[in-house]
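Novice:
Number of protein chains: 2
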Amino acid sequence: MRKEQSTNFANEQFLFQVCELNSAIAMISGRWKSQIVYSISQGNNRFHLLQQELPNISETVLARQLKELETHAILIKQEIPNSVPLGIQYVLTNKGLDLVPILESLCDWGKMYAEGKEISSYSIS
Amino acid sequence: MRKEQSTNFANEQFLFQVCELNSAIAMISGRWKSQIVYSISQGNNRFHLLQQELPNISETVLARQLKELETHAILIKQEIPNSVPLGIQYVLTNKGLDLVPILESLCDWGKMYAEGKEISSYSIS
DNA sequence: ACAATAACTAACAAAATTGTTAGTCTTTAA
DNA sequence: TTAAAGACTAACAATTTTGTTAGTTATTGT
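Sequence order for the protein chains is B and G. Taking the numbering used here, the leading residue of the first sequence gets 1264, the next gets one more, and so forth. Taking the numbering used here, the leading residue of the second sequence gets 1264, the next gets one more, and so forth.
Right, here's the structure in full:
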């Protein structure tokens, strides 16, 4: 439960209004969120497929992360037509699809500067 | 204090090893971090300048965020040569500099899909 | 000598996130 | 008819993050 009278909440709101960067970061910074978005973009678009990809996530936590991504309109939940039993799939919205290449650059950035791979040099200005 | 025997810690480690994306996200997802990186890239490279930019941050919290960014080699702390009194500036490393355009795309993405800025003003249950 | 500024730190408290336990509902296969 | 799979939810506990309080050190302006 968010406490809307807290300093924490006020500071979050302040940053949201300073720059959309901060709301963007807030939307993708949950423990499993960006990995879920990336996995869905790779075709793992069902609850049980995501569970297979992320064997350490509990059902409760996965459901919660998916709901938050849905709240931020990064994905939508869809019934799979003509499926018996009725299946549910998670589909990235345009917003979610546009996020994927950014996650890929973050991934590349992470790889480039991963422990031990860092070529060197601090910039001195 | 991190509890290295916790599920939370184990899950974080798991994600780090799934993809560098997750360590990248972890490095930039503190409350003020990406805004600090962006502010420094705009020239606000001193403690008191950052405080002016972010009037709601406390000294303790700012110092902590800066130290974490330093730990992740996104910036370094430097004494300003020939300054009296000795001043300290924060300088982005190559890693930090390479992060800036990614933060800019995140910002653009946030702006493009901004709809009702109440993103976290309701609780997700 | 004394207050002010810059740049911090440790210890603690408040709040938020993440994980666990124990359920639900619907459909299908044995 | 019973069990299993898929897709969840509420309530609670553990852990982590964020914010607060009360200091420190060094230097400078008055």
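Even glycine gets a Cβ: it sits at the ideal position worked out from N, Cα and C.
Less than 8 Å separating the beta-carbons of A1377/B and E1267/G?
Specialist: Against a cut-off of 8 Å, the Cβ pair of E1267/G and A1377/B comes out as no contact.
Novice: In three-state DSSP terms, what is G1350/B?
Specialist: G1350/B: strand per DSSP, three-state reduction.
Novice: Which value, in whole angstroms, describes the spacing of the CA atoms of K1358/B and A1336/B?
Specialist: Rounded to the nearest angstrom, the two C-alpha atoms are 7 Å apart.
Novice: Answer yes or no: the CB of E1267/G versus the heavy atoms of the ligand FMN, is any distance below 7 Å?
Specialist: In terms of ligand content, the structure shown is empty, and the ligand FMN therefore cannot be addressed.
Novice: Quick check on the DSSP output: the beta strand (DSSP E) that includes Q1268/G runs from which residue to which?
Specialist: No beta strand (DSSP E) contains Q1268/G, which DSSP labels as neither H nor E.
Novice: Can you tell which of M1264/G, N1285/G and G1293/G has its C-alpha closest to the C-alpha of Q1328/G?
Specialist: Ranking M1264/G, N1285/G and G1293/G by Cα distance to Q1328/G puts G1293/G first.
Novice: I need the boundaries of the alpha helix (DSSP H) containing I1343/G, first residue and last residue.
Specialist: Note, I1343/G: premise wrong, no alpha helix (DSSP H); beta strand (DSSP E) at L1338 to I1343.
Novice: Applying the criterion that 16 or more other CB atoms from any shown protein chain within 10 Å of the CB defines a buried residue, is N1285/G buried or exposed?
Specialist: With 16 or more other Cβ atoms within 10 Å, it is buried.
Novice: With distances taken from CA atoms, which of L1360/B, Y1353/B and E1367/B is nearest H1311/B?
Specialist: Answer by Cα proximity: Y1353/B.
Novice: Anything in the segment 1295-1320 of chain G with a Cβ closer than 9 Å to a Cβ of chain B? List those residues in chain order, please.
Specialist: Flagged, chain order: W1295, K1296, S1297, Q1298, Y1301, N1308, E1316, L1317, P1318, N1319 and I1320.
Novice: Quick one: what's got a C-beta closer than 7 Å to S1384/G's C-beta in the same chain, skipping five residues either side?
Specialist: Because S1384/G carries a pLDDT of 36, less than 50, the predicted location of this residue cannot be relied on, and the following value inherits that uncertainty. Cβ within range, chain order: n/a, list empty.
Novice: Whose CA, out of L1355/G, E1275/G and L1366/G, lies closest to the CA of G1306/G?
Specialist: The shortest Cα separation from G1306/G among L1355/G, E1275/G and L1366/G belongs to L1355/G.
Novice: If you measure between the beta carbons of I1351/G and I1339/G, is that distance less than 8 Å?
Specialist: No; because the gap between Cβ atoms is not below 8 Å, this pair is not in contact.
Novice: Please identify the residue among R1265/G, S1346/G, M1375/G and W1295/G whose C-alpha is closest to the C-alpha of V1281/B.
Specialist: V1281/B has its Cα closest to that of W1295/G, out of R1265/G, S1346/G, M1375/G and W1295/G.
Novice: Looking only at its own chain, which residues have a Cβ that is under 8 Å from the Cβ of L1317/B, when we skip the five neighbours before and after it?
Specialist: Answer for L1317/B: W1295, Q1298, I1299, S1302 and L1325, listed in chain order.
Novice: Residues bridged to L1355/B by DSSP?
Specialist: Looking at the DSSP assignment, L1355/B forms a beta bridge with L1338/B.
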